[in-house]
Structure formats: C-alpha cells, structure tokens
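Residue numbers (numbering that gives the first Met the number 0): 0 to 696. Heads up, the beta-carbon is just placed ideally off N, CA and C, and yes, glycines get one too. All remarks here apply to the structure that follows.
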Amino acid sequence: MASLDELREQLDQIDRALLEALARRREVVEHVIRTKETEADFVRDQDREEALLTARVSLGRELGLDSYFVTKIFQQVLDHSLRIQRDHLVAEQNPDVEHDAVRIGYQGTEGAYSHEAARKHFASRLDHAFFRGYPTFRELMEGVQAGGLDFAIVPIENTTAGSINEAYDLLARFPVSVIGEEVLAIDHCLVALEKVPLGNIRRIYSHPLAIAQCGDFLAGLPECKVESAPDTAMAVERIKRANDLSQAVIASEEVARMHGLEILKRRIANRRDNYTRFVVVAREAMSYDARIPCKTSLILATKHEEGALVRCLNTLAAHHLSMTKLESRPRPNVPWEYLFYIDIEGNVTDPEVSAAIDELSRDVSFLKVLGSYPASTTESARPSVPKLGAAADSSDTKPAQAPAPKTKKAAVAASADTTPPLEVAIKKGYKLASRAHHPDDSVVRIGDVLVGGDDFVVMAGPCSVESWDQVRACAELVRDQGGQVLRGGVFKPRTSTYSFQGLGYEGLDLLVRAGEEFGLPVVTEVMHPADVQRVAEDADVLQVGARNMQNFALLREIGHVDRPVLLKRGAMSSIDELLAASEYLLAAGNHQVMLCERGIRTFETATRFTLDIGAVPVLKERTHLPVIVDPSHAAGVRQYVIPLAEAAVAAGADGIIVEFHPAPEEALSDGPQALTFEGFGELMQRLHRLTQALRSE
Ligand code: PEP
Ligand code: MN
Numbered sequence: 000m001a002s003l004d005e006l007r008e009q010l011d012q013i014d015r016a017l018l019e020a021l022a023r024r025r026e027v028v029e030h031v032i033r034t035k036e037t038e039a040d041f042v043r044d045q046d047r048e049e050a051l052l053t054a055r056v057s058l059g060r061e062l063g064l065d066s067y068f069v070t071k072i073f074q075q076v077l078d079h080s081l082r083i084q085r086d087h088l089v090a091e092q093n094p095d096v097e098h099d100a101v102r103i104g105y106q107g108t109e110g111a112y113s114h115e116a117a118r119k120h121f122a123s124r125l126d127h128a129f130f131r132g133y134p135t136f137r138e139l140m141e142g143v144q145a146g147g148l149d150f151a152i153v154p155i156e157n158t159t160a161g162s163i164n165e166a167y168d169l170l171a172r173f174p175v176s177v178i179g180e181e182v183l184a185i186d187h188c189l190v191a192l193e194k195v196p197l198g199n200i201r202r203i204y205s206h207p208l209a210i211a212q213c214g215d216f217l218a219g220l221p222e223c224k225v226e227s228a229p230d231t232a233m234a235v236e237r238i239k240r241a242n243d244l245s246q247a248v249i250a251s252e253e254v255a256r257m258h259g260l261e262i263l264k265r266r267i268a269n270r271r272d273n274y275t276r277f278v279v280v281a282r283e284a285m286s287y288d289a290r291i292p293c294k295t296s297l298i299l300a301t302k303h304e305e306g307a308l309v310r311c312l313n314t315l316a317a318h319h320l321s322m323t324k325l326e327s328r329p330r331p332n333v334p335w336e337y338l339f340y341i342d343i344e345g346n347v348t349d350p351e352v353s354a355a356i357d358e359l360s361r362d363v364s365f366l367k368v369l370g371s372y373p374a375s376t377t378e379s380a381r382p383s384v385p386k387l388g389a390a391a392d393s394s395d396t397k398p399a400q401a402p403a404p405k406t407k408k409a410a411v412a413a414s415a416d417t418t419p420p421l422e423v424a425i426k427k428g429y430k431l432a433s434r435a436h437h438p439d440d441s442v443v444r445i446g447d448v449l450v451g452g453d454d455f456v457v458m459a460g461p462c463s464v465e466s467w468d469q470v471r472a473c474a475e476l477v478r479d480q481g482g483q484v485l486r487g488g489v490f491k492p493r494t495s496t497y498s499f500q501g502l503g504y505e506g507l508d509l510l511v512r513a514g515e516e517f518g519l520p521v522v523t524e525v526m527h528p529a530d531v532q533r534v535a536e537d538a539d540v541l542q543v544g545a546r547n548m549q550n551f552a553l554l555r556e557i558g559h560v561d562r563p564v565l566l567k568r569g570a571m572s573s574i575d576e577l578l579a580a581s582e583y584l585l586a587a588g589n590h591q592v593m594l595c596e597r598g599i600r601t602f603e604t605a606t607r608f609t610l611d612i613g614a615v616p617v618l619k620e621r622t623h624l625p626v627i628v629d630p631s632h633a634a635g636v637r638q639y640v641i642p643l644a645e646a647a648v649a650a651g652a653d654g655i656i657v658e659f660h661p662a663p664e665e666a667l668s669d670g671p672q673a674l675t676f677e678g679f680g681e682l683m684q685r686l687h688r689l690t691q692a693l694r695s696e
C-alpha cells in the first residue's frame, strides 16, 4: 500500500501532466487559428463542437468517467480555446490597441461582482492586466475618457432587476465606445461574522442593486432593517467594525471567502437564474472579424414626428436585423422625449447593418453607434452540448452530425391542404391553438432546451420525488444519458387517498436542487390553483396531469404565469377536448404550451391505458403546439415503455416524458412502469440509433 504522501505525490504528477497537456492544446489552437484565417469561414463551428463533445463523452465513459463531468470540463476547454482565437483575431485587426499591459477599471472593491466579471472577460490576459476599483460609474467613465484606463466594465442589466439606468445614461453622455460584453451568473448569499440563525439578524447592508434582486427574501424578514451601502466591501467593513452578530451583508461567496465570513443562506435572489450583463467600454471602438458573431449597440432619439420610432424599427426589420434589446430613457434637457438604446445582432462591417444605420439617420435627431462587439447572450454564444444518447453509445465514437430530426412532422405540417379551416377549429372551442391560426410550429423554450424545434427532447425522472439521494441519482442519470429535462412529482394525483401523496414543497426543493446540480430544468405537476404561483417560481415547467386536463380554474391560473406548461391529455378526453383545454391557457396569455399524449382508457386491459399514437399526427395537423408522448403511464408496465417511446419518434412527436427509478420495486408510486437505470440507458441508446437512422434516410 502506498503511503498518503506517495499518493499525493502521484496526484501532483498527474495534475502536472494535465496542465502540460492543456498548454500543448493551447499551442495547437493557435496553429488552428492561423489555418482558419485562410481556410475556414467561421471561428466557431458549433457542429464540430457538438461532435467533439459527443466523442469526448463517449471516450470518457469507456474510461469510467461520468459524462456530466466530462461535458463540464470540455465546455470550459472549448470556451477557453474560443477566447484565444477571438483575442488573436482582435489583436490582428486592432494593431493600435494596447495588448500587453492593460488597465481595467470596475466599480466597487476587490471581490465585487464587477471585479469578477472583469477577470472573466480578460481571463486570457490576466498576466498583464491591472484591475482597479472606482467608487462610482461616473469616475470609471472619466477614467476611460481621460485615458487613465484602457477599459472599464460596467453592469448594464440584470435578469431579475432589469436595466441599470445610470449606466445607460452615462453611455450617452460620455464619448466612449462599447467593445465587449460579459455575462456573469450572480449568486447572492447572506453572510455574517458567525454562523448564527437567520432569525437573529436585525440589520442587513448591501449594494442597492443586490437589495433590488433579493426583494422577496428580504420581504420575508420583516424584523430586519435593510440599508444600502456604496459597495459590498464597505458593508463588510461596517459589520466587522461593529462586531455585531445581528448584522449581515448580501454578498458573493467570493467576498465571504476573502473576508473570512460565514454564509447563512445561499441563492437568495428572487430568481434562481440571476445573471448580470456587463459592457466593456473603451475610448475607441474596435473592429471584429466578420467570422465572430457580434452585436451592435446604438443610441438614438427619433425626430419629433408621428411614427418615427416605428419607422426606425421597420428599417431594422427590413434589413433582417434581429433586435435583442430596446430600452428607453428620458432625454436629458428635453422633457417628455426619450433616448432609445437598441442592440441588434450583427457587426457594423456587415453591409446590412451599415445600410440600416444609414437609413436610420433619416428618422432620427440623434444617433450614436456605441460599437460592435462579440455577443455573449445570443444563440451563437451558448455552450455546445453532446448529442442525445451519445453517452450510452460508447461504441459510437463517430461524431453526430446534426440534431435528431423530427421525421414526419414537417411533412404533415407542410401539407396546408389538410389543415382544418379556422371556422372548424373555432366551432370545437379552439382558435389560438389551431394550425390555421398559426401555420408555423411553435417552439417552447425551457432554459436552453427548445421543444418543437429540431431536437427530440427527453424529459425523464422518477414518478415521485422520494428523497434527496433518489432524486439526485435520477438527475445524474438523466444528465449522463443526454436527457434534457428532469421530471419528478411532488403533488401526486393518487386514486386512493391512502397512497403516498408526494412530498409537496419539500420535494420541490429537492427536485430543483438536483436539477441545478446537473444543469437540468425541471418539470413537476401542480394540482391546485393556489399552488401555481409558488411552484412557478421554482419549477421550469408546470405539468397539468391527465386528471386535471379540464380543471378550468387551474388552467386559467396557469394561463396567467410566464412559465412553460405540459398539458396532459385526460384519459377519457378526445383530441379536440385536449385542444379546447389548451385554449384556456393560450387565451389567458400563456403561449408556452406543450401537449402530452399519455394513453386513453379503452376496453383493452393488457396495458394500463392505450397509447393513442395516432393522436400525434392528428395533433400535428390541427395545432402548432409541440407534442410530447408519455409511454410510461400509457404502458403501465416497463417492458412496453421502450417500444412505445420508439413509436413516438417515428410518429413525429417532439419528445417524450418517461419514468425511471433507482429501485423500481421499492418505488412509492408507479413502480411497475418505471424503467431501471439500465433500462433508461437502453432507451436512450435506442432513441439515438433510431434518430440517426431516420436522419440518414
Ligand atoms: C405523472 O406524470 O406523474 C402523472 C400522474 O401522469 P398522468 O397525469 O398522465 O396520469
Ligand atoms: Mn407516474
């Protein structure tokens, strides 16, 4: 047996080899960019990234490494190589810009989110970057204007609290350009001098932006006085000086670590997905290679003429420019007039963008082009993911080429002559849901997952959330096998009142935590209208169960929230009744509706219900909404689940929702129909093969 010291020595050597390999990889990447300069059109090739990840995950599996881990590592490796390639191109195109020693300013003090964002943005130049915190945004801008700073990073909007007005106003006032953007996930924590119970806290200090993002949490502490501080570090200073255990600060984990403070509670922002977008500002604009997907930011004031803003927006549309942001701010010194801040996808060097800017100038009384810069928030900036089922299929190291196709669907959707006319649909109780009203397929977005688009989506997990260990293991498997959404019931519609009724909100917390740990959005059933708002805060998709398909009070309530919904077909409901039920959701305002065929009651007793596979093409013809199939509840026994799931692919469904369990015989609900972990792996492998076979057809 090796001693602990010997083992540590081995780890040191392995880590050294890893770092040497990464350094070698970096050298190769630098050669790649030189080759791409002459040979390729794109700096980023997402198909190749997906193929690479798929192959790495397969190889990792052969070597006994879990695919979630391998995916995370290689996403970082790919991101790093992309940044190197980008920096190389930028340096090449902007020979006058200082690339060696750069002075970068941010607002706040060391450890502030702005500091973290700056370090992230300039990660490839950390060796020769000097970061300096400034007390105010204005001083930052002055620093850039006067030349004391090469760059400044300024937060511009937050996904919870919205736009940061002061930053927008300063961009208009100072002669600066935007040369980059950075997105940072913000995890606010409540931190204190010692680990005291939350109930002991009487005073909380923080930056006003953080206070705004944590409003719900703070509202739950009515005994507490909340005070704003110019920055987090000052707030920390204050509680340290007071040496008072009843005081706390809202800060990042990084700040807690730097100052040796205790975290009383994590994730206290109103929304789980809390991101801040920063812009990087410099005196002069920079040029970016046409191969880097860019955004362009403009500030304009329209002429005081009727319809001027609409004409400006039409100009952008006429040039096929997608607008990613429109913000208005009062125009200084001109009461009741506004400055409009517009971000569009594209680079000022694109002919369409420059033509649009030319045309805009006809309708504006002020127009400032802030600059073009590599986009971090658009589709092109999302990390690639390995392909469906690839993890299970370790024999297949050939890269997947394209997303799993949705076979017959397109053909059905395209045959406009068979789409029932609008009047027919209206007679049956649905208009907004009808294909006649909305000929194109609707795509529902669940985080990064698109349902109804090109990919076949797999939602999977246990029937009921039973414990942390159970749901965590399920989440890990969904992730490992390339599933996209984690399912788990916490409010269970049980036929018998003596059966397990679900863990309720406690279960929802476990489900959400497991989803977060493995980067999976979650779907869960909500049964009572009174629970809708609260469940919608945490779950990514609300499921309406078969028994509640015509619970109109529930449908209306869900119709008012901004969350995707999976509406299951009642066991004794017709296809048109399902569509009429979906109309309740749409008419109330929620258009993120997915329909689910889960089996209907017939005279047949060999299966729990009868999967009406024919409903898939019928629905595809009558509605634009995505269609999901639930083979588990239809079959009722596990041996029929895989064939029914395969039938769903062949019939043109957009995805499946399927149940599995670590120990089906011990499951608290629906054990007989739950796949084993192995069975789920087999299902994913078969779906992978089937979608590949259909693709090559
Ligand atoms: C479920 O998905 O857990 C469920 C109860 O399904 P259904 O409403 O289709 O019976
Ligand atoms: Mn179930």
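Query, Result
"Using the Cα positions of A412 and D530, report the straight-line distance between them to the nearest angstrom.", "With a pLDDT of only 47 at A412, under the threshold of 50, the placement of this residue in the model should not be trusted; the figure read from the coordinates follows. Cα-Cα distance, rounded: 36 Å."
"When you compare each of R290, A289 and R310 to L299 by their alpha carbons, which one comes out closest?", "R310"
"My output table needs one value for P154: the three-state DSSP class, helix, strand or coil.", "strand"
"What does the Cβ neighbour count give for H303, buried or exposed, with the cut at 16 atoms within 10 Å?", "exposed"
"What's the gap between the Cα of R512 and the Cα of R118?", "28 Å"
"Quick one: what's got a C-beta closer than 8 Å to E582's C-beta in the same chain, skipping five residues either side?", "G428, Y429, K430, L431 and A432"
"State yes or no: is the C-beta of Y67 within less than 8 Å of the C-beta of E475?", "yes"
"Rounding to the nearest angstrom, what Cα-Cα distance links L738 and L325 in this structure?", "The structure shown does not extend to residue 738, since the chain is modelled only from 0 through 696, so no value can be given for it."
"Nearest by alpha-carbon distance to G678: which of V657, A692 and L667 is it?", "V657"
"Sort A545, F608, V347 and A232 by Cα distance to M285 and report the nearest one.", "V347"
"Output the distance between the C-alpha atoms of L366 and N313, rounded to the nearest integer angstrom.", "16 Å"
"When you measure from the CB of H632 to every non-hydrogen atom of the ligand MN, does any distance come out below 7 Å?", "yes"
"DSSP beta-bridge partners for P329?", "Y337"
"Can you list the beta strand (DSSP E) stretches of 3 or more residues lying completely in the region 88-147, in chain order?", "101-106 and 128-133"
"To test your reading of the DSSP string, which unbroken alpha helix (DSSP H) runs of 4 or more residues are found completely within the region 409-481?", "421-426 and 467-479"
"Looking at the structure shown, is R47 part of a helix, part of a strand, or coil, going by DSSP?", "helix"
"Grab the span of the alpha helix (DSSP H) containing G503 for me, first residue to last.", "G503 to E516"
"Between which two residues does the alpha helix (DSSP H) holding R310 run?", "A307 to A317"
"Our contact map puts T231 next to G107 with C-beta atoms below 8 Å; I'd like the distance itself, whole angstroms only.", "7 Å"
"Just how far apart, CA to CA, sit L565 and A160?", "28 Å"
"Would you check whether the ligand MN has a heavy atom nearer than 7 Å to the C-beta of D539?", "no"
"Which residue marks the beginning of the beta strand (DSSP E) containing S631, and which one marks its end?", "Unbroken run through S631 is the alpha helix (DSSP H), P630 to A634; no beta strand (DSSP E)."
"Consider the C-beta atom of S251 and the heavy atoms of the ligand MN; say whether any pair is separated by less than 7 Å.", "no"
"With three or more C-beta pairs closer than 8 Å as the rule, is the region 551-567 touching the region 585-593?", "yes"
"Is the distance from the Cβ of T112 to the Cβ of L183 below 8 Å?", "Sequence check: residue 112 is Tyr here, not Thr. In this structure, L183 lies closer than 8 Å to Y112 by Cβ."
"Do the CB positions of S321 and F339 come within less than 8 Å of each other?", "no"
"Determine whether the beta carbon atoms of W467 and L509 lie at a separation below 8 Å.", "yes"
"May I have the straight-line CA-CA distance separating N199 from G488, to the nearest angstrom?", "35 Å"
"Cβ of S668 versus every heavy atom of the ligand MN: is any distance shorter than 7 Å?", "yes"
"Identify, in the order they occur along the chain, each residue of the same chain with its Cβ nearer than 7 Å to the Cβ of G446, setting aside the five sequence neighbours on each side.", "P520 and D539"
"Out of A16, S375, I155 and T301, which has the shortest C-alpha to C-alpha gap to H120?", "S375"
"List the endpoints of the continuous alpha helix (DSSP H) containing E645.", "V640 to A650"
"If I measure Cβ to Cβ from F659 and keep anything under 8 Å in the same chain, skipping five residues before and after, which residues do I get?", "A459, G460, P461, C473, L476, A673, L674, T675, F676, G678 and F679"
"Going by alpha carbons, who is nearest to A644 out of A211, P630, V363 and S251?", "P630"
"Should S495 be labelled buried (16 or more other beta-carbon atoms within 10 Å of its own) or exposed?", "exposed"
"Is E524 near the ligand PEP, judged by its Cβ being under 7 Å from some heavy atom?", "yes"
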